[in-house]
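Trainee: So the sequence lines, in the order shown, correspond to chains D and G. Here the first sequence is numbered in the numbering used here, starting from 1 and rising by one per residue. Here the second sequence is numbered in the numbering used here, starting from 439 and rising by one per residue. All C-beta atoms in this analysis are idealised placements derived from N, C-alpha and C, irrespective of residue type, glycine included. Computed from a predicted model, the values in this text were never measured in an experiment.
Number of protein chains: 2
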Amino acid sequence: MDTLRIGLLGLGTVGTGVVRLLRTNGVLFEERSDMRLRLVRIADLDLQRDRGLDLRGFDLTQDAQAVVTAPDIDVVVELIGGIKPARELVETALRNGKHVVTANKALIARFGQDLLHVAEKRGCELAFEAAVAGAVPVIKALRESLAANQIDQIHGILNGTCNYILTEMREKALPFAQVLKSAQEMGYAEADPSFDVDGIDTAHKLAILSAIAFGTPMDFSSISVEGIRHVTEVDIGWAKRMGYRIKLLAIAKRGISGLELRVHPAMVASDSMVAAVDGVFNAVFIHGDFAGTTMYFGRGAGEKPTASAVVGDIVDIARNHVFGIRRRVPLLSTQAEYLRPLPVVSMDDLVGEYYLRLAVVDQSGVLAEISDVFRRHAISIKTIHQEGRSSQASVPVPLVLVTHETTERHVRAALRDLEGLGSVREKPHFIRIERVFT
Amino acid sequence: MDTLRIGLLGLGTVGTGVVRLLRTNGVLFEERSDMRLRLVRIADLDLQRDRGLDLRGFDLTQDAQAVVTAPDIDVVVELIGGIKPARELVETALRNGKHVVTANKALIARFGQDLLHVAEKRGCELAFEAAVAGAVPVIKALRESLAANQIDQIHGILNGTCNYILTEMREKALPFAQVLKSAQEMGYAEADPSFDVDGIDTAHKLAILSAIAFGTPMDFSSISVEGIRHVTEVDIGWAKRMGYRIKLLAIAKRGISGLELRVHPAMVASDSMVAAVDGVFNAVFIHGDFAGTTMYFGRGAGEKPTASAVVGDIVDIARNHVFGIRRRVPLLSTQAEYLRPLPVVSMDDLVGEYYLRLAVVDQSGVLAEISDVFRRHAISIKTIHQEGRSSQASVPVPLVLVTHETTERHVRAALRDLEGLGSVREKPHFIRIERVFT
């Protein structure tokens, strides 16, 4: 039996999980791939920290550079995260003819196109199933299982931290800041949470999925991103009353005018499947012209789920290695020479329904004034709720409106006009309503 | 660019879908596999029927035997269904060195082990993603994406007809027979529905999944099968009141005493993900030691979804063909020489909670009499509901009980004793309560 020799960069949470997995299920791989997986070297700057792991017998080093150039390594597993020094290490590994398996979404979303090019030239695999939705095999589903389909839409919940926060806010009727704090204490959110709660992590993953789905070069910069900091428990409460839940969605759609690529909080029907995805779970819905909707669900992060995806990629490489082949499946499903950028639809041209919550002075004539703004911008109103009068005329009352389908340009313009009215007391809250399939 | 030459057996619903798909998305495959897919021959006994499909340009024949032996065919797509003559045709195709792609669950579940052996010996692919859950890529997920995991549990909804019937019964509070009739009129159920409603189709699919999941030879005969004919709208109503939904579940679990392999209606918590899978959809939940729970959802049948899976398998074969390799992934994930049968747990030894509904005479002393039966069989009762007295003492009233955890052996014995009581007027209804993960 042949051996696939693995070098691991980064012994953090996921790295520890990979070591544990290789040790626990080693026999399985031999039965499933006719190949022995051997972890020959581990690089980490901190070799002292106790990880609850017996590291005797491993070749440990602080020199990652030596691993990516070592002649006795077939596959480099990059679990350092971030751009520096991961980017350079991955590139060096590929240039040295090594396959790379990574869970690094930021790296792939931002520099994936260049790295794919290097991998392509050197005939190496660059595998990143673990970069999107953790244990959920959505990359393989898109690249292989759905290869017969023209994909026209993807939407999903790709960040467990945000989904946990929104779930807690709904279930316990607590404000964002308080839930974030307890999420940080429980280790569900980072000390600096902005990557997660500002939607950037979700957008990284969407950049990867949309390139594979639509056969476009990877382009993180064309995604519109809005996070969940501005979502209040009040809006979550209103959503509930109106039959919706608020989720941070990643959405990619192909239409006649181009691609919609957007990450933002959205109201979805509370009886939809995506609304049922709560807590730290991830879910991706994919619509293809023949498959219809398929959905993939599971844990999007954590030591063991992410290790499952990383080692799944290694087994895939091993199964190629047995036959002496590499790059059986094009890295973005479509072969590099056929990748074509598609025009991206501006958020201004987005068509949909909108939820708006205003704080208005409780006086006669105010509703007429506000209605007139919507009329001027050709927005028609589907539902309107005004809460019972406040005891004092000076305390504003909430006015909640849902529009019929309109474009975001009109909504933005109307919001600007509304802000200028004396009777509107706070910056209006607005959340898109997304009509999801299934 | 090289060409993969396809012979299609059976131009029914799915066959028509495959022809349409190959025609619609032909360019995609070339971009995705560096291989042209060409449908060179179609065999069907009925070449006259109008399928709304332009068949000019195809080589049509009534002689399936000629297709499976033809020297100009690389891949045979078997969409005839059933055992005869599909079994012989598939075997002949494999013996002639052709890859086979099939959607035939009965064939794979019952004779898959023999056919895999032939495929193995001849170095051919035998691909059957379409045989389980239609467009949902659960075979690939198990064989490849989750290859790093020890799988310990699968449960799922694998038959859209049953799920549609149970959903309609719940939503419209209608009896089984009436919903079945309208499902037949709408084409959701066959004229002879027994394969579906008696659980056999679900069991075929479970046989396939469990072999892959647990590394055992395929063994349909060891699955305990119970269908949905005996589920009444009354029980569905009781389930609802108690916070459950009734689903026909396929369940495979590996425990210390062996495998549980069973198909039966089960009550599941109404806020679980599996309870949310309604109508004709399929869903499979898989629990692995590292991945945790992942779930796969979509359309389990129909022209286009099944065609998506069939052609997905063809693309997979094409991507191997480009490199001149075959059988990259062992057909049951584990290589043939490592497949090992595992002991199967008898249904008598099943441990769980049970829902029981009795029709009892409304007289003093009856409850004591019934309670005594449970006491004798060491079954403790978790909840008990008795409906308001009937106006006449001779008309029986419903008595609904939920047991604490016990073994099915005890429940069966208690039911026999209960049937013997004068105060119990009908054969008791019993439904297993399944505690599902997530």
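Please name the residue in V789/G, I511/G, G464/G and F735/G whose C-alpha comes closest to that of I577/G.
Mentor: The residue you call residue 577/G lines up with position 139 of the second sequence. Answer by Cα proximity: F735/G.
Trainee: Could you tell me which of R432/D, E369/D and Y338/D sits nearest to D472/G, measuring between CA atoms?
Mentor: Sequence index remark: in the second sequence, residue 472/G carries index 34 (1-based). For D472/G, the nearest C-alpha among the options comes from Y338/D.
Trainee: In angstroms with no decimal places, state the Cα-to-Cα distance between L466/G and Q150/D.
Mentor: For the purposes of this step, residue 466/G is taken as the residue at position 28 of the second sequence. For the purposes of this step, residue 150/D is taken as the residue at position 150 of the first sequence. Straight-line Cα distance between these residues: approximately 8 Å.
Trainee: Along the chain, where does the alpha helix (DSSP H) containing E846/G start, and where does it finish?
Mentor: Start at 1 with the first residue of the second sequence, and residue 846/G comes out as number 408. E846 to E857 is the extent of the alpha helix (DSSP H) around E846/G.
Trainee: In chain order, what residues of the segment 737-755 of chain G put their CB closer than 7 Å to some CB of chain D?
Mentor: Those residues of the segment 737-755 of chain G that come within reach of chain D (Cβ to Cβ, closer than 7 Å) are R737, K742, P743, A745, S746, V749, G750, V753 and D754.
Trainee: Indicate whether V617/G and G665/G have their beta-carbon atoms separated by less than 8 Å.
Mentor: Walking along the second sequence from the start, residue 617/G turns up at place 179. Walking along the second sequence from the start, residue 665/G turns up at place 227. Contact: no.
Trainee: State yes or no: is the beta carbon of D74/D nearer than 8 Å to at least one beta carbon in chain G?
Mentor: Translated into positions along the first sequence, residue 74/D becomes position 74. By this cut-off, D74/D is not an interface position.
Trainee: Can you find the residues in the same chain that come closer than 7 Å, C-beta to C-beta, to E303/D, ignoring five residues on each side of it along the sequence?
Mentor: By one-based count along the first sequence, residue 303/D stands at place 303. Only T13, V14, T16 and G17 meet the Cβ criterion.
Trainee: DSSP on M295/D, reduced to helix/strand/coil?
Mentor: Along the first sequence, read from residue 1 onward, the residue named residue 295/D stands at position 295. Strand, per DSSP.
Trainee: Could you have a look at R425/D and say whether DSSP puts it in helix, strand or coil?
Mentor: Along the first sequence, one-based indexing puts residue 425/D at 425. Coil at R425/D, not helix or strand.
Trainee: Since D590/G meets chain D, which of its residues come closer than 9 Å, beta carbon to beta carbon?
Mentor: Taking the first residue of the second sequence as 1, we reach residue 590/G at position 152. By Cβ distance, chain D contributes nothing, its closest Cβ being about 12 Å from D590/G, past 9 Å.
Trainee: Kindly indicate which residue of L477/G, A704/G, G860/G and V457/G has the alpha-carbon position closest to the one of G490/G.
Mentor: In the second sequence, residue 490/G corresponds to position 52, counting from 1. The shortest C-alpha separation from G490/G is found at V457/G.
Trainee: Could you give the residue range of the beta strand (DSSP E) that holds G156/D?
Mentor: The residue given as residue 156/D occupies position 156 in the first sequence. Run containing G156/D: I151 to I157, per the beta strand (DSSP E) assignment.
Trainee: CB L498/G to CB L532/G, shorter than 8 Å?
Mentor: Looking up residue 498/G in the second sequence gives position 60. Looking up residue 532/G in the second sequence gives position 94. Their beta carbons are not under 8 Å apart, which means L498/G does not touch L532/G by this criterion.
Trainee: Whose C-beta lies closer than 6 Å to the C-beta of T306/D among residues of the same chain, with five residues either side of it excluded?
Mentor: In the first sequence, the residue the question calls residue 306/D occupies position 306. For T306/D, where only same-chain residues beyond five positions count, the Cβ hits under 6 Å are V14, A103, A130 and G134.
Trainee: Is the CB-CB distance between S270/D and G243/D below 8 Å?
Mentor: Start at 1 with the first residue of the first sequence, and residue 270/D comes out as number 270. Start at 1 with the first residue of the first sequence, and residue 243/D comes out as number 243. Cβ atoms of S270/D and G243/D: closer than 8 Å.
Trainee: Determine the direct distance from the alpha carbon of P834/G to that of D673/G, and round the result to whole angstroms.
Mentor: Within the second sequence, numbered from 1, the residue matching residue 673/G stands at position 235. Within the second sequence, numbered from 1, the residue matching residue 834/G stands at position 396. If I take the Cα positions, the gap works out to 16 Å.
Trainee: Between R5/D, Y354/D and L55/D, which has its C-alpha nearest R36/D's C-alpha?
Mentor: Numbered from its first residue, the first sequence carries residue 36/D at position 36. Nearest C-alpha to R36/D: R5/D.
Trainee: On the premise that R766/G lies in contact with C562/G, defined as a C-beta separation below 8 Å, what is that separation, rounded to the nearest angstrom?
Mentor: Taking the second sequence and counting its residues from 1, one reaches residue 562/G at position 124. Taking the second sequence and counting its residues from 1, one reaches residue 766/G at position 328. Going by Cβ atoms, the distance from C562/G to R766/G rounds to 12 Å, so no, they are not a contact pair.
Trainee: Could you tell me which residues DSSP puts in a beta bridge with V460/D?
Mentor: Summary: the structure shown does not reach residue 460/D, with chain D confined to residues 1 through 438, and so no result is reported for it.
Trainee: Look up F220/D in the DSSP assignment and say whether it is helix, strand or coil.
Mentor: Taking the first residue of the first sequence as position 1, residue 220/D is located at position 220. It is helical.
Trainee: Which partner residues does A690/G have in the DSSP bridge list?
Mentor: In the second sequence, the residue the question calls residue 690/G occupies position 252. The partner list for A690/G (beta bridge, DSSP) reads I592/G and L699/G.
Trainee: Using a Cβ-Cβ distance cut-off of 8 Å, determine whether A119/D contacts chain G.
Mentor: Stepping through the first sequence from its first residue, residue 119/D is reached at position 119. False, the Cβ-Cβ gap to chain G never drops below 8 Å.
Trainee: Here's the rule I'm using: 16 or more other beta-carbon atoms within 10 Å means buried, otherwise exposed. How should T845/G be labelled?
Mentor: Indexing the second sequence from 1 puts residue 845/G at position 407. The residue is buried, with at least 16 neighbouring Cβ atoms inside 10 Å.
Trainee: Which same chain residues end up closer than 8 Å to I381/D when comparing Cβ atoms and leaving out the 5 residues on each side of it in sequence?
Mentor: Here residue 381/D refers to the residue found at position 381 when the first sequence is read from its first residue. Once the five neighbours on either side are set aside, the close Cβ partners of I381/D are S371, F374, L401, V402, T403 and H404.
Trainee: Who are the near neighbours of V40/D in its chain, counting only those whose CB is closer than 7 Å to its CB and skipping five residues on each side?
Mentor: As a working note, residue 40/D is residue 40 in the first sequence. Cβ within range, chain order: R5, I6, G7, D59, D72 and I73.
Trainee: Go ahead and pull the three-state DSSP assignment for T232/D.
Mentor: Counting from 1 along the first sequence, the entry for residue 232/D is found at position 232. Residue state, collapsed to three classes: coil.
Trainee: So, using beta-carbon positions, are V513/G and V539/G closer together than 8 Å?
Mentor: One-based indexing of the second sequence puts residue 513/G at position 75. One-based indexing of the second sequence puts residue 539/G at position 101. Cβ distance < 8 Å, so V513/G and V539/G count as in contact.
Trainee: How many Å lie between V360/D and P265/D at the Cα?
Mentor: Counting from 1 along the first sequence, the entry for residue 360/D is found at position 360. Counting from 1 along the first sequence, the entry for residue 265/D is found at position 265. Taking the straight line from one Cα to the other gives about 24 Å.
Trainee: Starting from A291/D, find everything on chain G with Cβ-Cβ shorter than 7 Å and list it in chain order.
Mentor: Within the first sequence, residue 291/D is the residue found at index 291, counting from 1. Here the neighbours are A573, G736, P743 and S746.
Trainee: Taking the straight line between their C-alpha atoms, what separation do you get for G730/G and R241/D?
Mentor: For the purposes of this step, residue 730/G is identified with residue 292 of the second sequence, where counting begins at 1. For the purposes of this step, residue 241/D is identified with residue 241 of the first sequence, where counting begins at 1. In a straight line, the C-alpha of G730/G is about 34 Å away from that of R241/D.
Trainee: If the cut is a Cβ gap below 7 Å, which residues of chain D does E623/G touch?
Mentor: Numbered from 1 along the second sequence, position 185 holds the residue referred to as residue 623/G. Those within 7 Å of E623/G in chain D number zero; the least Cβ separation is about 23 Å.
Trainee: So is V392/G in contact with chain D if we call contact Cβ pairs under 8 Å?
Mentor: Within the shown structure, residues of chain G are numbered from 439 to 876, placing residue 392/G beyond reach of any answer.
Trainee: Note down the Cα distance separating E807/G from L146/D, rounded to an integer number of angstroms.
Mentor: Counting from 1 along the second sequence, the entry for residue 807/G is found at position 369. Counting from 1 along the first sequence, the entry for residue 146/D is found at position 146. Their Cα atoms are separated by approximately 59 Å.
Trainee: Taking the Cβ atom as the reference point for each residue, do P428/D and R357/D lie within a distance shorter than 8 Å?
Mentor: If you number the first sequence from 1, residue 428/D lands on position 428. If you number the first sequence from 1, residue 357/D lands on position 357. Yes, the Cβ-Cβ distance between P428/D and R357/D is below 8 Å.
Trainee: Count Cβ pairs between the segment 620-631 of chain G and the segment 595-610 of chain G that sit closer than 8 Å; are there 3 or more?
Mentor: At 8 Å Cβ cutoff, the stretches touch.
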